[in-house]
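Q: First residue of the sequence shown: 1, per this note's numbering; consecutive thereafter.
Ideal placement from N, C-alpha and C gives every residue a C-beta, glycine not left out.
Nothing here was measured: the structure is a model prediction, and the numbers come from that model.
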Amino acid sequence: MKDECKFSIYQLSTLIDDLPIYEYTAIDLFDNHIFLGTATGELLHYFEIQPSNYLLVSNTKYLEEEEEQGKEQENESSSNTPIIKIKVMPLIERAWVLNGNGQLKLYILPEFAPVPNTEVLKNVNDISIYKNTFHMYKTLILAKNSVSEESYYKLIECVVDKRSMRLTDFEIRLGHASNNNTNPMIKNFILQKNTLLTVTKNNYVILELSLGKENNKIIKKMPLFKVFEGNTDNGKDTDDVCSNKHILTSFSSSEFLVACGSTLEDSAMALIIDNQGNITKGTIVLESGYPNEMLVDDSQSFVIANYQSEKNLEIYDMNIGWGQPKLVQTISFDKETARDNKVKLFKSSHQTFNDTDSKNNNNKKLATERLRLVPINLSSNNTVNKIRIDQEKIYIEQNYENVSNILVYGKGKIDVLYKTPMVLEYNDYDEELLYKLENILASKYAKTTKFYKIQLGYLQTLYLLLLLLHKEKIDLEVQKEWIAYSGKVDLRIFFYILGFKIYGDLWVYNGLTDIIEKLKILKLIHKIPDVITLFGNFASNTLSCEFSKDIKDVSNVIKTVSIAYLKVYLGNSGSPAYSPEMVLDNLNLEISSQEIIDFLENYSDENESKNIIITSVFLRTKQYGKYLAFLKNINDSESIFSFLSQNWELFSDLDLKIDYLIFAIEHTKMNDNGDNPLLKATVNLIETQNLSLKDVIRKINNNEIKVSLIESQISKNIQETDRQFLMNYYIERLSTLLFASSDKSCMLFIQKYQESYLNNPEFEKPNFSKYMLSRLEITDNEDDIVKNFLKLHEKLCKLMDQDKEILYPILINKFQDLTPILFLFITDNDDRVKYLKDKSLILNTLLSLNDFETINRYWINKETILVILDHYLKLSSSLSWTRSVTQKFIEKNIARFKDLTLIYEILLKIPENYQMNTIASILYYSFSQLNFQLEHSELQKRLVKKQLIDKKELNKKLRK
């Protein structure tokens with residue numbers, strides 16, 4: 001992948017183009033002031049009267065101490081000693097100015113004049129400000145001791161504030177000094193914390209210092225490599241050359257940049273070393289020879305080498321991903337600027353310039369076009385999107401900046417060296433760029449401006465996209481990088497590329513839309529070795545408070561991650577390695593519960609984990625009503641009942657709870673015994689929660705369930721309406737069993753056994769009801785019709801015993817044409833008479849059934865004896881066995897009667913062919929009893945009559 005745009009990394013923009021003709025050797029800045037020093041001792045002061053419009057305020061000579069005294073006396077001209085260094089201390093409005101003769105003066109700002117009545121320090125080779133506060137600066141000064149006979153170099157400390165300058169007791173001896181002042185052994189140094197780097201003769205040396213209040217000394221001295229390995233071409237001694245020309249600068253807060261070579265003209269190399277002298281970031285090959293000076297930009301991404309002899313600057317890229325730093329740009333000066341070959345570099349530590357050059361406006365347009373955010377998934381209203389797109393463009397334009405603290409100055413002009421916005425630098429999406437961005441993002445350098453942060457977000461996003469493109473697999477290491485940058489880069493980009501649903505509006509940098517869409521085409525999900533684990537880690541990270549603290553539109557990010565995780569989990573058939581509960585543990589249900597439910601309810605593939613996750617989401621988020629509604633929808637009656645029985649008090653809507661309870665009961669499968677397994681538990685729940693059985697039963701649509709509940713309460717004297725409902729239900733069931741299809745009807749068995757009973761000649765046989773029930777109990781029926789009939793018979797009898805007045809008539813009304821069936825349920829003769837009322841019907845039925853026992857026990861009287869006898873005598877003509885039955889009937893019952901007329905009628909009905917021996921004996925006994933009773937009655941009458949006569953006689957006597 002490649003972005004075809006090409007840009008120069010650095011561009012020059014003129015700040016001042018009419019400098020006086022001097023060789024400039026030093027420069028520094030203070031607010032809108034510029035101070036310059038020349039090779040001939042001039043000090044120039046420029047002031048910005050309007051933006052980018054500078055006026056020369058003063059041009060004075062640097063007067064050495066002796067010259068100042070002589071000028072006061074003789075007004076002589078000053079010397080032409082060069083200005084070596086100008087070092088501004090902005091917080092206290094002071095500046096150090098060091099010249100080539102080793103004199104160091106303190107200047108007041110912004111006037112840029114020597115501070116009156118202040119000591120001039122002499123024999124100074126270099127200075128370094130190493131500590132400062134708002135009111136004070138501490139400066140380390142490299143000086144040559146000139147008091148004692150022994151000459152040596154030393155470090156001393158000078159403290160400066162607005163009111164004074166004073167030397168402290170601080171002193172560290174660095175080494176022997178040559179008497180030849182034109183060739184000192186130690187010319188300059190650089191200090192980082194307690195580490196000092198300098199050049200002694202031809203060698204770089206690191207000194208580890210102790211900078212305590214009392215014990216200032218060198219702890220360790222580490223000689224490094226030589227600056228030059230051989231003699232220079234012009235025959236000068238190498239030590240002479242390196243004392244005036246060597247590279248000594250800071251690369252970072254803990255690293256130095258140095259250079260070494262063979263001669264000035266041969267290829268050289270620059271090295272980045274740490275405070276122990278170890279090379280840390282590769283080698284910069286300097287093909288153009290040994291540079292006059294080198295400088296590192298603040299981001300530590302580029303090193304700039306100045307070749308005055310070559311009339312150009314060479315820029316080296318330090319963040320190349322792999323290999324060695326390389327030359328990426330050369331800047332050539334125009335002839336006017338380069339004619340004295342003395343162009344110099346300067347980097348300010350406290351001041352920057354903002355690019356307002358109209359020639360560079362194209363950079364602003366290009367950067368704005370890349371950095372503005374655009375929607376990549378059009379889920380919102382297009383009008384709203386257009387408004388925001390315009391706002392995003394304005395936001396980038398308003399915050400755009402291109403600042404620099406690097407100046408290029410020489411005869412005739414001062415230029416600012418502006419770096420192209422870093423988002424315009426990277427156009428090739430190759431693997432080298434991936435590692436280059438990794439180095440950049442790992443750098444500790446960071447600006448606080450809005451525009452820098454915007455650019456950094458762009459590079460962070462590009463880095464993550466290149467990870468997806470170039471990594472062999474998208475594993476946990478890649479995922480960690482996405483999580484690490486999730487506060488700056490929208491995680492939804494990752495899931496959009498992989499083709500998952502995005503919640504909310506996804507806005508991305510316009511310059512990255514092309515690579516995002518191309519990555520989406522690549523189907524990168526196949527590069528993920530364990531997609532469930534990877535997505536699970538994404539999801540679990542959304543649970544942390546730290547995650548949601550800095551993320552924009554965090555709720556939609558979490559929803560996107562959650563749904564993607566669920567989709568891959570269910571798409572892998574629930575993955576046996578992960579239980580639904582483990583998956584839920586990784587989800588932020590507080591934010592995404594509804595989206596999870598919506599997704600799962602619309603998930604088309606069958607998956608047993610789906611319903612488990614839905615119900616668990618409802619439970620974890622305490623949506624109990626929705627939980628029960630979902631269980632009802634999937635017909636999970638057992639779970640509904642389990643939840644209600646354990647959590648009855650969780651919500652207060654009693655009617656709703658009863659509705660779900662009834663649903664659970666009605667939709668529970670019967671067990672092998674045909675019973676509802678939840679019935680007993682339901683009864684217990686009703687009792688423990690003090691529910692009204694009436695309210696529960698009223699809502700039940702399933703009659704079997706309703707019946708079962710009522711039956712469970714029969715022993716507790718249920719209400720009349722419930723008894724009637726139960727009675728009607730039983731009767732309907734009874735009808736079904738009796739009048740089912742012909743091959744499965746219980747009536748077939750009853751008719752069969754009724755016929756058998758009818759033709760049974762045994763006069764002592766049991767009554768019809770008892771006989772029929774006993775035979776039904778031993779009937780083997782595959783369809784359990786008879787068994788069910790007997791169960792129903794038992795239930796009906798128990799029920800009717802509770803309220804015969806109400807329930808018997810219901811039964812009789814239903815089976816009024818089937819009196820034998822009624823006899824099976826109304827077994828008591830008195831009840832039959834009472835509720836059936838038609839005695840003749842009862843008797844005729846008994847006679848038709850040949851229920852000898854019941855007839856002989858309950859129905860033998862003056863009114864019925866002759867009727868019954870006639871019935872039996874009629875049967876005698878068609879059934880051979882009935883003659884003996886008739887004889888037994890007469891023998892058993894004729895002796896009951898005392899009415900001779902009745903007995904006479906009985907005897908008249910007996911056919912002549914009947915054997916009367918037994919009957920005669922019975923009649924003899926009956927007549928004897930009757931005669932005895934008659935005689936006894938006559939005797940009683942006579943006795944009463946005699947008593948009355950005697951009583952009258954007695955009364956007569958008493959009257960006399």
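Quick check on SER253: does DSSP put it in helix, strand or coil?
A: Coil at SER253, not helix or strand.
Q: Can you name, in chain order, every residue of its own chain whose Cβ lies under 7 Å from the Cβ of LEU948, other than the five neighbours on each side?
A: For LEU948, where only same-chain residues beyond five positions count, there are no Cβ hits under 7 Å.
Q: Where does LYS201 fall in DSSP's three states?
A: Three-state DSSP puts LYS201 in coil, outside helix and strand.
Q: Secondary structure at VAL489, three-state DSSP: helix, strand or coil?
A: Of the three classes helix, strand and coil, the one that applies to VAL489 here is coil, per DSSP.
Q: Can you tell me whether SER609 is buried or exposed, with buried defined as 16 or more other CB within 10 angstroms of its CB?
A: Classification of SER609: buried, given that the 10 Å Cβ count is 16 or more.
Q: Identify, in the order they occur along the chain, each residue of the same chain with its Cβ nearer than 7 Å to the Cβ of THR1003, setting aside the five sequence neighbours on each side.
A: Missing from the structure shown is residue 1003; the chain here goes from 1 to 960 and no further.
Q: LYS473 to ILE190, Cα distance in whole Å?
A: Looking at the two C-alpha atoms, the distance is approximately 46 Å.
Q: Please report the straight-line C-alpha distance between GLU314 and LEU295, rounded to a whole angstrom.
A: One C-alpha to the other measures close to 11 Å.
Q: Express the C-alpha separation of GLN802 and ASN611 in angstroms, rounding to a whole number.
A: Taking the straight line from one Cα to the other gives about 48 Å.
Q: Measuring alpha carbon to alpha carbon, tell me which residue in LEU271, TYR307 and LYS221 is nearest LYS245.
A: Closest by alpha carbon: TYR307.
Q: By how many angstroms is the C-alpha of LEU155 removed from the C-alpha of ILE279?
A: Looking at the two C-alpha atoms, the distance is approximately 27 Å.
Q: So, do the segment 27-44 and the segment 425-440 have three or more beta carbon pairs nearer to each other than 8 Å?
A: Taking 8 Å as the limit for Cβ pairs, the verdict is that the segment 425-440 does not touch the segment 27-44.
Q: Among all the DSSP beta bridges, which residues are the ones paired with GLU314?
A: BP columns for GLU314 point to ALA305 and THR330.
Q: Am I right that LEU434 and LEU466 are in contact with their C-beta atoms under 8 Å? What's the rounded C-beta distance?
A: Sure, about 4 Å apart at Cβ, within 8 Å.
Q: Please state whether the Cβ-Cβ distance between GLU711 and LYS622 is less than 8 Å.
A: No.
Q: Determine contact between the segment 572-591 and the segment 612-620, defined as no fewer than three beta-carbon pairs at a distance below 8 Å.
A: They touch, by the three-pair rule.
Q: In terms of residue numbering, what span does the alpha helix (DSSP H) encompassing VAL583 cover?
A: Segment 580-585, the alpha helix (DSSP H) holding VAL583.
Q: On the DSSP bridge assignment, give the partners of MET165 in chain order.
A: Note: MET165 sits in a beta bridge opposite VAL160.
Q: What did DSSP end up calling ASN856 once you bin it into helix, strand or coil?
A: It is helical.
Q: Taking 8 Å as the cut-off, decide whether the C-beta atoms of LEU462 and LEU437 are in contact.
A: Closer than 8 Å, so yes.
Q: Check for me: the beta strand (DSSP E) holding GLN754 runs from which residue to which?
A: Where GLN754 is concerned, there is no enclosing beta strand (DSSP E), although the alpha helix (DSSP H) it sits in stretches over 746-758.
Q: For a test of the three-state rule: what should DSSP assign to GLN73, helix, strand or coil?
A: Interpretation of GLN73 is limited by its pLDDT of 44, a score under 50 that renders its predicted location unreliable; no figure is taken from the coordinates.
Q: Here's a check: name, in chain order, each residue in its chain whose Cβ is nearer than 7 Å to the Cβ of ILE389, leaving out the five neighbours to either side.
A: Counting only Cβ-Cβ distances below 7 Å, and skipping sequence neighbours, we find VAL374.
Q: Compute the Euclidean distance between the alpha carbons of LEU566 and LYS393, then round it to the nearest angstrom.
A: Cα to Cα, LEU566 sits roughly 37 Å from LYS393.
Q: What residue does the beta strand (DSSP E) around GLN623 start on, and which one ends it?
A: Premise fails: GLN623 is in no beta strand (DSSP E) and is neither H nor E.
Q: Verify whether the separation of the beta carbon atoms of VAL561 and LEU491 is less than 8 Å.
A: Going by C-beta atoms, VAL561 is nearer than 8 Å to LEU491.
Q: Using 8 Å for Cβ pairs, my map puts ASP870 next to LYS814. What's the rounded Cβ distance?
A: Their Cβ separation, rounded to whole angstroms, is 32 Å, which puts ASP870 and LYS814 out of contact at 8 Å.
Q: Would you mind listing the beta strand (DSSP E) stretches within the segment 444-475 that are 3+ residues and don't spill past its ends, in chain order?
A: Taking only runs of at least 3 residues, no beta strand (DSSP E) segment lies wholly in the segment 444-475.
Q: Give the straight-line distance between the Cα atoms of ASP514 and ASP31, rounded to the nearest whole angstrom.
A: The alpha-carbon atoms of ASP514 and ASP31 are separated by roughly 43 Å.
Q: Checking 8 Å against the spacing of the C-beta atoms, do ASN99 and ILE86 come in under that value?
A: No, Cβ-Cβ distance for ASN99 and ILE86 is not below 8 Å.
Q: Among LYS364, THR827 and ILE700, whose alpha-carbon lies nearest the alpha-carbon of ASN402?
A: Among LYS364, THR827 and ILE700, the Cα nearest to that of ASN402 is on LYS364.
Q: Can you tell me whether THR337 is buried or exposed, with buried defined as 16 or more other CB within 10 angstroms of its CB?
A: Low confidence applies to THR337: its pLDDT is 48, below 50, so where it sits in the model is not reliable, and the reading given next is rough at best. THR337 should be labelled buried.
Q: Would ARG992 and TYR204 be called neighbours here (beta carbons separated by less than 8 Å)?
A: The question about residue 992 has no answer, for the chain in this structure spans 1 to 960.
Q: Taking the runs of the alpha helix (DSSP H) that are 4 residues or longer, which of them lie wholly in the segment 587-652?
A: Qualifying alpha helix (DSSP H) stretches, in chain order: 589-601, 608-620, 624-633 and 637-646.
Q: Compute the Euclidean distance between the alpha carbons of LYS549 and LEU441, then round it to the nearest angstrom.
A: Approximately 21 Å, taken between the alpha carbons.
Q: Excluding the 5 residues flanking LEU738 on each side, which residues of the same chain have their C-beta closer than 6 Å to its C-beta?
A: Hits under 6 Å: CYS746 and MET747.
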